[in-house]
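2 protein chains.
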Amino acid sequence: MTTAPTVYDVAERSGVSIATVSRVYRNPDSVRAQTRERVLAAAHELGYVPSGNARGLASRSTGVLGLCFPDYSDPDAEAADAEDEDAAMLYSDQIIRGMERAARRHGYALLIAASLKGGPESLVAKVAGRVDGFAVLARTVPTEELEVISRRRPVVMLAGPREGADHLDHLDHIEVANADGQRQLTEHLISDHGLRRLAYVGSAEESPDVEARFSGFRQACRAAGVECGEEPALRVPMMTQAEGARAADALCDRGGPLPEAISFANDQMAVGALYALARRGVKVPDDIVVTGFDGIPLSRLVHPSLTTVHQPTVRMGEAAADLLVRRLGGTQDKDPVSMMLPVTVIRRASCGCPAD
Amino acid sequence: MTTAPTVYDVAERSGVSIATVSRVYRNPDSVRAQTRERVLAAAHELGYVPSGNARGLASRSTGVLGLCFPDYSDPDAEAADAEDEDAAMLYSDQIIRGMERAARRHGYALLIAASLKGGPESLVAKVAGRVDGFAVLARTVPTEELEVISRRRPVVMLAGPREGADHLDHLDHIEVANADGQRQLTEHLISDHGLRRLAYVGSAEESPDVEARFSGFRQACRAAGVECGEEPALRVPMMTQAEGARAADALCDRGGPLPEAISFANDQMAVGALYALARRGVKVPDDIVVTGFDGIPLSRLVHPSLTTVHQPTVRMGEAAADLLVRRLGGTQDKDPVSMMLPVTVIRRASCGCPAD
DNA sequence: CCCTAGCATGAATGCGCTTTCATCGCAATG
DNA sequence: CATTGCGATGAAAGCGCATTCATGCTAGGG
Chain A
1 MTTAPTVYDV AERSGVSIAT VSRVYRNPDS VRAQTRERVL AAAHELGYVP SGNARGLASR
61 STGVLGLCFP DYSDPDAEAA DAEDEDAAML YSDQIIRGME RAARRHGYAL LIAASLKGGP
121 ESLVAKVAGR VDGFAVLART VPTEELEVIS RRRPVVMLAG PREGADHLDH LDHIEVANAD
181 GQRQLTEHLI SDHGLRRLAY VGSAEESPDV EARFSGFRQA CRAAGVECGE EPALRVPMMT
241 QAEGARAADA LCDRGGPLPE AISFANDQMA VGALYALARR GVKVPDDIVV TGFDGIPLSR
301 LVHPSLTTVH QPTVRMGEAA ADLLVRRLGG TQDKDPVSMM LPVTVIRRAS CGCPAD
Chain B
1 MTTAPTVYDV AERSGVSIAT VSRVYRNPDS VRAQTRERVL AAAHELGYVP SGNARGLASR
61 STGVLGLCFP DYSDPDAEAA DAEDEDAAML YSDQIIRGME RAARRHGYAL LIAASLKGGP
121 ESLVAKVAGR VDGFAVLART VPTEELEVIS RRRPVVMLAG PREGADHLDH LDHIEVANAD
181 GQRQLTEHLI SDHGLRRLAY VGSAEESPDV EARFSGFRQA CRAAGVECGE EPALRVPMMT
241 QAEGARAADA LCDRGGPLPE AISFANDQMA VGALYALARR GVKVPDDIVV TGFDGIPLSR
301 LVHPSLTTVH QPTVRMGEAA ADLLVRRLGG TQDKDPVSMM LPVTVIRRAS CGCPAD
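Heads up: the protein sequence lines correspond to chains A and B, in order.
With the UniProt record's numbering applied, the first sequence covers 1 to 356.
With the UniProt record's numbering applied, the second sequence covers 1 to 356.
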């Protein structure tokens, strides 16, 4: 590869100054057509590609947005849960897709990077230094670190609530209406299907999403005067199909009357439960109603099709890019924005609604 | 955002030279612990983030790999086929995932960019200038342009054959064994299921993949003495579910004996066909066999489950990153590499094999 | 025919960092 | 006690480009 040609080489070869070469790329109209041709020809012969770094340095902007997300690959789960991992990645894939699309519309490229588990080397530093602004999935990077960075360039947090009781963080946030969605879904079960013995299955590991959803569940219950504990009926260690199946079995074997409905904190678990219930001859939705959350493609394909709440994942990515671009455009140093993206309850067969 | 702090600011605040500040980040051990602490403290107070641009400029390397792909989003299909696009979990998403993962393992981040339809502005120039090397999906960028760039930095082409009859391009290539896979699948239909009236559905728009697959189809037919034209039985404008359904209908309505099997150039279309056939009461695989190509997740979930050829999409991305990294490491200026990734025939219910 | 706009181009500076190379102490050595 | 040698730091020179400012030139206007 010897050494790459630079503006100087192109300038020399075409008999102009480097300023003119630069202008040919940045502002073609300001150069006489004939000169321009000469320069472009020389550039082509040399295989000249403008250095993005130099460009960025000189103009202090990169035309790139960033996206950081957690390292989902669990070395333990390697073989075991490849499928689950798949689902987890789906989430980030969709955000990537949405963000890429929106970024592109605004003329930006997208730099993506997942945190490297065990790599103490700051992922963020790497990305942050190369982009005009970036988005981070919640719990990828310590909020404090983000705050430091956000003092100098826009940072938006995805799917994470604003943090800190005393000291709210100053980041922009984009969330989905977890509580609201679960509340609506639960209201539907209560008022439209007349159910009153509802069980919620959440996760043991801390997750703001799950907590928000559960709180929506409780709101609906309380509003309708339906009994409902302070805590989910069950908390599972991981939100996988396998755990969902186990949870369904556990609830059935628990003794006492079966719940009329089980609401899971995500679709994965609900699907697992569907399988488990089918295995033991419990009919859904006749004997028991099952609901999920997320609206993954699989939810539509299982039998019975799963009633769930659809998350606008792709739109989250888009919203992130749009927000960043807006921040970059307006010099105004406005207050942090907190966007709550609406979700959609999808009524399908597993709650007793006619399949779509 | 005022103006971002630089090494100079940090140096001044911590009472050292900028060289030392730089060393603290690049080579911490070469700085006395006490000094290092001072510098880091100052950096933190200032919210200092090293500029990737300046870094890249000075060290002439970015630590970033690039990936360019075509603009898939069909403005027309916007509403109509949103689901198609979604369920498909697009090809490029998987490549992105694979490439990101491999890049990360090697310590690189990934810059992704789709070509902007109508944007004459060279996508490649934008990406190429910011990365150490990059991969391009076939037919995203004119090969000639790539060749110019590849003179100065590694470029690998994904899913595209080496081009040029007289003048083979000098790029590295990573392909999948399209012909081979379709041939195997077709042989299976012929010898194991005894089918002899086979129809192939390809695409009207030019695609080396589709052509390669069709040629594999023909090879198998000819080898078995099965009749098979020079051209696919049908070519559709776009390889979507909707078009697949339409194709199935067309073949059924065509008059004459129904084919015994329809092989589609991708899963999307095959799935669409499955729906269309079910609607009109044609039983798969009893009345007619259907096969796809790609092995998208959906193929396993439809009913009947779809016999198809699985493409190692994720691995393509990984291979691309690995290859680029190897190129960047070795100073050797070896000949272009051409990798052919193996595919796997997945026999499922839609060809009459027992469902898995 | 001279003067002035206005346009195309060149000279020069700086963007923020990495990287020799030189320097300065200071401990180990003769 | 003078010398070496080495580890820690500073000084300075770019890296490749964008950009302002200055300059030369040509075409009108007086």
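All C-beta atoms in this analysis are idealised placements derived from N, C-alpha and C, irrespective of residue type, glycine included.
This one's a predicted model, so the numbers in the text were calculated from it and none came from an experiment.
- In this structure, Arg235/B is the residue among Arg235/B, Arg97/B, Ser122/B, Glu12/B with its C-alpha nearest to the C-alpha of Ala199/B.
- Cα atoms of Gly107/B and Ala125/A: separation of roughly 13 Å, rounded to the nearest angstrom.
- Within the same chain, Cβ atoms closer than 7 Å to the Cβ of Gly56/A are found at Thr62, the five residues on either side in sequence being excluded.
- Listed along chain A are Ile96, Ile112, Ala113, Ala114, each with a C-beta nearer than 9 Å to that of Glu100/B.
- When secondary structure is reduced to three states using DSSP, Ile296/A falls in the coil class, being assigned neither helix nor strand.
- Assignment of Ile288/B by DSSP, reduced to helix, strand and coil, places it in the coil class.
- Between Gly47/B and Arg151/A a beta carbon distance of about 4 Å is seen, short of the 8 Å cut, so the two are scored as contacting.
- Under the three-pair Cβ rule at 8 Å, the segment 331 to 351 of chain B counts as touching the segment 166 to 177 of chain B.
- For secondary structure counted as the alpha helix (DSSP H) over 4 or more consecutive residues, the segment 214 to 265 of chain A holds these complete runs in sequence order: 241 to 253.
- Residue contact with chain B for Ser350/A: absent (no Cβ-Cβ distance below 8 Å to any residue of chain B).
- With respect to the 8 Å criterion, Gly317/A and Met99/A are classified as neighbours on the basis of their beta carbons.
- Close partners of Ala54/B in chain A (Cβ separation under 8 Å): Asn53, Leu57.
- Shortest Cα-Cα distance from Pro70/B to any of Ile288/B, Asp93/B, Pro154/B involves Asp93/B.
- In terms of CA proximity to Gly244/B, Ser203/B leads the group Glu145/B, Ala223/B, Ser203/B.
- Burial state of Thr313/B is buried, judged by a 10 Å Cβ sphere holding 16 or more other Cβ atoms.
- Annotation: the continuous alpha helix (DSSP H) that includes Val7/A extends over 7 to 14.
- By the CB criterion at 8 Å, Val136/A and Val155/A fall inside the cutoff.
- Looking from the CA of Ile190/B, the closest CA among Cys351/B, Val21/B, Arg327/B, Pro161/B belongs to Cys351/B.
- Looking at the DSSP output, Asp172/B bridges to Val156/B.
- Ala265/B is outside the set of residues whose beta carbon lies under 8 Å from a beta carbon in chain A.
- The C-beta of Gln268/A has 16 or more other C-beta atoms within 10 Å across all chains shown, which makes the residue buried.
- Contacts with chain B at 8 Å (Cβ-Cβ) do not include Asp132/A.
- Following the DSSP letters along the chain, one finds His106/A in no alpha helix (DSSP H), marked with neither H nor E.
- Here Cys353/A carries a coil assignment [DSSP, helix/strand/coil].
- Here Asp29/A is exposed: its Cβ has fewer than 16 other Cβ atoms, across all protein chains shown, within 10 Å.
- Using beta-carbon distances, Pro50/A counts as an interface residue toward chain B, with a partner under 8 Å.
- Around the beta carbon of Ala223/A, fewer than 16 other beta carbons sit within 10 angstroms, so the residue counts as exposed.
- By the Cβ neighbour-count rule, Thr3/B is exposed, with fewer than 16 other Cβ atoms within 10 Å of its own.
- Every alpha helix (DSSP H) of 4 residues or more that sits fully in the segment 28 to 70 of chain A is shown, in chain order, as 33 to 46, 52 to 59.
- At a cut-off of 8 Å between beta carbons, Arg36/A makes no contact with chain B.
- Between Ala159/B and the set Pro5/B, Glu187/B, Gly329/B, Val210/B, the nearest pair of CA atoms involves Val210/B.
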